[in-house]
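Numbering (my numbering), first residue to last: 1295 to 1369.
Every residue, glycine too, gets a C-beta built ideally from N, C-alpha and C.
The structure under discussion appears below in the form of structure tokens.
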Amino acid sequence: MTKDDLIFLINTKKEFEFSYHGKNYNLTYDRDDKGNDLIVFGERFQGKKYASFGEFMNEARIENHYFREMIDILS
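Written out as structure tokens, the structure is:
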């Protein structure tokens, strides 16, 4: 996956699921109380909510790695 692929997924609100070291991760979407879009990422049923793509890229982690560093190996 490239960063452009990830941006496309998020802009079109396509869900994405993958496994890493035997754990399942999901990328989904939600809305806050004010109706603003949120990105939800994390292990299945334990996702953390991010208010923006920038926040997601700066904070999301897969185990001890930042998600942004793992994009290349995801498919």
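Asked                                                                                             : Found
Residue range of the unbroken alpha helix (DSSP H) whose run includes Lys1297                     : 1297-1305
Per-residue burial, Gly1348 [other beta carbons within 10 Å of its own, 16 or more giving buried] : exposed
Close beta carbons around Ile1356, own chain, < 8 Å, minus the five adjacent residues each side   : Tyr1314, Tyr1319, Met1364
Simplified DSSP state of Asp1366, which is helix, strand or coil                                  : helix
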